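Below is one structure, written out as structure tokens; comments come after it.
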Amino acid sequence: MTVTFLGAIGRITGVRTQTASASNVRELLEELLRRHGQEWREQVFDGTDLAHGVTVVVNGLNVGTVQGLSTPLQPGDQIVLFPPFEGG
């Protein structure tokens, strides 16, 4: 699967895309945490949940409208992580 990082999340990783392997969204985020450390945790997590405003999209669907962090993943999936956005 391919993960695309946008905004501040991409700046933390230092790359725009990365490949990964996981059975669900939570497992994927935990794997990315192991790769990217404390700054990643602070941007993406609030305790064990997603930080307010962070959006995870799998194959065009917001996981918040599917099964949340339990949303299953398959090889070949396209995942996009959006940081919180502020308008003005």
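Counting with this note's numbering, you get residues 19 to 106 for the letters of the sequence shown.
All residues carry an ideal CB built from backbone N, CA and C; glycine is no exception.
Values in this document were obtained by computation on a predicted structure and should not be read as measured data.
Same chain, Cβ closer than 7 Å to residue i, five either side skipped, listed in chain order
i   : result
I30 : H54, E57, W58 and Q61
R34 : T22, F23 and G28
CB-CB length for residue i against residue j, believed under 8 Å
i   : j   : result
A38 : E49 : 6 Å
Close-in-space but distant-in-sequence residues of the same chain around residue i (CB under 8 Å, 5 per side omitted)
i    : result
M19  : T37, A38, S39, A40, L46, L91, Q92, P93, G94, D95, Q96 and I97
L51  : W58, R59, V62 and F63
N80  : T73 and V74
P102 : A69, H70, G71 and V72
F84  : Contrary to the premise, residue 84 reads as Val rather than Phe in this sequence. Within the same chain, V84 has close Cβ partners V76.
A26  : Q61 and P101
Strand pairing of residue i, partner residues [DSSP]
i    : result
V81  : Answer is none; V81 lacks a bridge partner.
I97  : V21 and V76
P102 : Partner(s): none; P102 has no beta bridge.
6 Å Cβ shell around residue i - same chain, five flanking residues per side excluded
i    : result
F100 : L24 and T73
Any contact of the stretch 40-49 with the stretch 80-98, i.e. 3+ C-beta pairs under 8 Å?
The stretch 40-49 vs the stretch 80-98: in contact.
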